[in-house]
Amino acid sequence: MSMAKLRASGVQIVAEKLLVCGDRSGSSVKDVKGGHFAVFAVENDKTKRFVVPLSYLNHPGFLVLLEQAAEEFGFVQKGALRVPCQWSEMERLLAKNARRI
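Rendered as structure tokens:
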């Protein structure tokens, strides 16, 4: 899949999740600042929640995770966005790119 198509599909996935989750009053939504979204990294059937800046929708490494999520879980996921990723990999991706932002 081309990077442009992958970016567009990633934006669409996140936008749909924001529409579904955006009006909930639970603390899991309230702690997500504007310009961010929540994503669950799935490692060995266990999940860990991360809050990710929207700017990551342009990051090639994150786009690869979204493509893997589409392949493993499908584009239509119920509930929060899940990506098949080791927690340490997600932490590394976020920490590495936080220094650049």
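Residues in the sequence shown are numbered from 1268 upward in steps of one, following the numbering used here. We put the CB at the ideal spot given by N, CA and C, even for glycine.
Taking all protein chains shown into account, decide if residue i is buried (16 or more other Cβ within 10 angstroms of its Cβ) or exposed.
{"i": "A1336", "result": "buried"}
{"i": "A1362", "result": "exposed"}
{"i": "R1329", "result": "First, the amino acid is wrong: residue 1329 is Phe here, not Arg. Counting Cβ neighbours within 10 Å, F1329 comes out buried, since at least 16 surround it."}
{"i": "F1342", "result": "exposed"}
{"i": "V1350", "result": "buried"}
Our contact map puts residue i next to residue j with C-beta atoms below 8 Å; I'd like the distance itself, whole angstroms only.
{"i": "H1303", "j": "P1320", "result": "5 Å"}
{"i": "E1310", "j": "Q1353", "result": "5 Å"}
{"i": "V1331", "j": "V1318", "result": "Incorrect: roughly 20 Å between the Cβ atoms, too far for contact."}
From this set, the options, which residue's C-alpha is nearest residue i's C-alpha?
{"i": "F1307", "options": "Q1353, L1348 and S1355", "result": "L1348"}
{"i": "E1339", "options": "K1297, R1359, D1312 and L1360", "result": "D1312"}
Once the 5 residues before and after residue i are set aside, which same chain residues still bring their CB inside 8 Å of it?
{"i": "G1293", "result": "In this prediction, G1293 has a pLDDT of 42, which is less than 50 and means its spatial position is unreliable; what the coordinates show is noted afterwards. So no residue of the chain qualifies."}
{"i": "T1314", "result": "F1307, A1308 and R1349"}
Which same chain residues end up closer than 6 Å to residue i when comparing Cβ atoms and leaving out the 5 residues on each side of it in sequence?
{"i": "M1357", "result": "A1308 and F1317"}
{"i": "L1360", "result": "G1328"}
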